[in-house]
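**Q** Residue numbering for the sequence shown follows this note's numbering, beginning at 129 and increasing consecutively.
No residue lacks a Cβ here, since even glycine has one placed at the ideal position from N, Cα and C.
Please read all numbers here as calculations on a predicted model, not as lab measurements.
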Amino acid sequence: MNDIKNNYDSHRGDIRNVSGTVGWESPANIALVKYWGKYPVQLPMNPSLSFVLKQSVVRIYLEYSIGDTDGAGVRDFTLNGAPNLNFQSRIGSFILSLQPIFPFLSKMNLSIRSESTFPHSAGIASSAAAFSALSLCLCSIESLLYEKPGPGMAENPESRSFLQKASYVARLGSGSACRSLQSGFVVWGRTGILPESSDEYAVGLPGSEVAPVFNTLRDAILVVDDATKKVSSSAGHALMNAHAYREARKVQAADNLEKMVIALKTGDESLFFKVLENEALSLHSLMMSSNPGYLLMRPATVSIIENILDFRQQSGIGIGFTLDAGPNIHLLYFERDRSAVKGFIEQSLLPFCSKRRWIDDGMGNGPRAI
Ligand code: DP6
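Laid out in structure tokens, this is it:
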């Protein structure tokens, strides 16, 4: 890709005394092939593949005003109605770092109101949803100020470039956020399997490459532990720099991506779950074998995994698990098995969940302007 920053010349024109509000809702995504390890600035060590969720979303309303004087950046930030200084400062630094891409930000005052459907302190990361929603808001402001292509139908090349830029910008906030910009299966990271793939933004896997059953995927998020993680994802990525298995991981991820793409295309459910679980367990093995090593699974995580494997063997129902960088389980299954899997969750898995908490989610449709 030629430098995306230069595709958007935001420097022209003198913009004064403009104000307004833009809003976007954006979903979380769950990786089937994991992004783990990165180069500066937020470029992935290996390609990853994910899909977006439906219920787990963040809505951001961004009020902006440009005056004659220099802007003060993010003036205030609220999450579900309450000020949140931690997130305000992370977003403040993000906005500051984006001035070379959006020079108008240096003159802008921003007030951000965000709402999240993630249950309070469920230990589920909302940063991918938040950074993608915020990036869409910034791209919308740019479109309004400079009459650039706005969002619209995905087939429209102009709106494709809008979403591509939003993905590029979201990546700078949090790597996995760049995969939250569209529905279907999404690949981030350069791979020979997908000629249009890039390390700088995510691209969709064409619908014709996906067997229909995989568009009915559901994700039951089983909340094992709602405490803040002891080791953040960013710290985990950093430990990959000197990891003894670093090179082997790159080979493994490329191989798993290829297999996952084949499984999706051919409708091979058994290969799908095999690769899914290999990725989840490999991710956590990489954490344990980092230097220093650490462990994010809890005893209940292991019990749930064992129950899932037993249930699959006994029932023959297509289910499998994955994990992000935390102890909570994402139980993946298909719409056709919804009632059987719900019964299994309620009877056998909820005893291992913190406060019997789980989130009944599934594949979503991507972001929407609000
Ligand atoms: C294990 O995107 O949260 O969920 O780029 O440092 O913000 P930063 O990391 P982040 O890492 C996500 C890691 C993962 C796997 C994945 O989503 O691919």
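Which runs of the beta strand (DSSP E) spanning at least 3 residues fall entirely within the segment 164-224, listed in chain order?
**A** Fully enclosed beta strand (DSSP E) runs of 3 or longer: 176-194, 201-207.
**Q** Rounded to the nearest angstrom, how far is the Cβ of I223 from that of L233, given a contact under 8 Å?
**A** Yes, they are in contact, since the Cβ atoms of I223 and L233 sit about 6 Å apart, within 8 Å.
**Q** Go to I512, then tell me how far its alpha helix (DSSP H) extends in each direction, as first and last residue.
**A** Residue 512 lies beyond the residue range present for the chain, which begins at 129 and ends at 498; the question has no answer from this structure.
**Q** On the DSSP letters alone, give me the boundaries of the alpha helix (DSSP H) that S410 sits inside.
**A** Where S410 is concerned, the enclosing alpha helix (DSSP H) stretches over 397-416.
**Q** Could you compute how far the alpha carbon of P304 sits from the alpha carbon of L478?
**A** Correcting the residue type first, residue 304 is Ser in the shown sequence and not Pro. Those two C-alpha atoms are separated by around 28 Å.
**Q** Which value, in whole angstroms, describes the spacing of the CA atoms of E407 and E463?
**A** So the two alpha carbons sit approximately 23 Å from each other.
**Q** Using 10 angstroms around the beta-carbon of Y296, count the other beta-carbons present and answer buried if the total reaches 16, otherwise exposed.
**A** Under this definition Y296 is a buried residue.
**Q** Extract the residue ranges of the beta strand (DSSP E) inside the segment 284-350, only unbroken runs of 3 or more that lie entirely within it.
**A** As far as the segment 284-350 is concerned, its whole beta strand (DSSP E) runs of at least 3 residues are 313-316, 330-332, 345-350.
**Q** At a cut-off of 7 Å, would you count L411 as near the ligand DP6, judging by its Cβ distance to the nearest heavy atom?
**A** Flag set: Cβ of L411 near the ligand DP6.
**Q** Given the structure, does H365 come close to the ligand DP6, in the sense that its CB is under 7 Å from one of the ligand's heavy atoms?
**A** It does: the Cβ of H365 is within 7 Å (strictly closer) of some heavy atom of the ligand DP6.
**Q** So, for V389: in the same chain, excluding its five sequence neighbours on each side, which residues have a beta-carbon less than 6 Å away from its beta-carbon?
**A** The answer, listed in chain order, is I321.
**Q** For E386, name the three-state secondary structure that DSSP assigns.
**A** Three-state result, E386: helix.
**Q** Determine the DSSP secondary structure at Y461, reduced to helix, strand or coil.
**A** Residue state, collapsed to three classes: strand.
**Q** Quick check on A355: buried or exposed, where buried means 16 or more other Cβ atoms within 10 Å of its Cβ?
**A** By the neighbour-count rule (16 or more Cβ atoms within 10 Å), A355 is not buried but exposed.
**Q** Output the residues surrounding the ligand DP6, defined as those with a CB atom closer than 5 Å to any ligand heavy atom, in chain order.
**A** Selection output, chain order preserved: A159, K162, Y163, S176, S302, G303, S304, S361, S362, D452, A453.
**Q** If you measure between the beta carbons of A159 and L177, is that distance less than 8 Å?
**A** Cβ distance < 8 Å, so A159 and L177 count as in contact.
**Q** Between V202 and T394, what straight-line distance do the alpha-carbon atoms span, to the nearest angstrom?
**A** If you take the alpha carbons of V202 and T394, they lie about 48 Å apart.
**Q** Thinking G364 and A453 are a contact (beta carbons under 8 Å), I'd like their distance in whole angstroms, please.
**A** That belief holds up - the Cβ atoms of G364 and A453 are roughly 6 Å apart, short of 8 Å.
**Q** DSSP state of V352, grouped into three classes?
**A** Three-state DSSP puts V352 in coil, outside helix and strand.
**Q** For R440 and W316, I'd like the C-alpha separation in whole angstroms.
**A** About 30 Å.
**Q** Going straight from the alpha carbon of G335 to that of F400, what length do you get?
**A** Between G335 and F400, the C-alpha separation is close to 17 Å.
**Q** Along the chain, where does the alpha helix (DSSP H) that runs through A366 open and close?
**A** Its alpha helix (DSSP H) spans residues 361-367.
**Q** Assign T245 to one of three DSSP states: helix, strand, or coil.
**A** Here T245 sits in coil by DSSP.
**Q** Taking the alpha-carbon of G490 as reference, which of V146, Q170, V185 has the nearest alpha-carbon?
**A** Per the Cα distances, V185.
**Q** Looking at R485: is its Cβ nearer than 8 Å to the Cβ of V351?
**A** A contact, by the Cβ cut-off of 8 Å.
**Q** Count the other CB atoms, across all protein chains shown, that sit within 10 Å of the CB of M281; report buried if there are 16 or more and exposed otherwise.
**A** Its pLDDT being 46, under 50, M281 is placed unreliably in this model, and the coordinates cannot settle the point.
**Q** How many Å lie between P247 and K470 at the Cα?
**A** About 19 Å.
**Q** Which residues in the same chain as R299 place their Cβ atom closer than 6 Å to its Cβ, once the five residues preceding and following it in sequence are excluded?
**A** Excluding positions up to five away in sequence, the list reads Q170, C306.
**Q** Check for me: the alpha helix (DSSP H) holding I269 runs from which residue to which?
**A** It spans 255-274 - the alpha helix (DSSP H) in which I269 sits, taken as one unbroken run.
**Q** For the alpha helix (DSSP H) holding G471, just list the boundary residues, first then last.
**A** Where G471 is concerned, the enclosing alpha helix (DSSP H) stretches over 466-472.
**Q** Give the range of the beta strand (DSSP E) segment to which S154 is assigned.
**A** Where S154 is concerned, the enclosing beta strand (DSSP E) stretches over 146-161.
**Q** To which residues of the same chain is R374 closer than 8 Å at the C-beta, ignoring the five residues directly before and after it?
**A** Excluding positions up to five away in sequence, the list reads G165, M173, M368.
**Q** With Y422 and V379 assumed to form a contact (beta carbons below 8 Å), what rounded beta-carbon distance in angstroms separates them?
**A** Incorrect: roughly 24 Å between the Cβ atoms, too far for contact.
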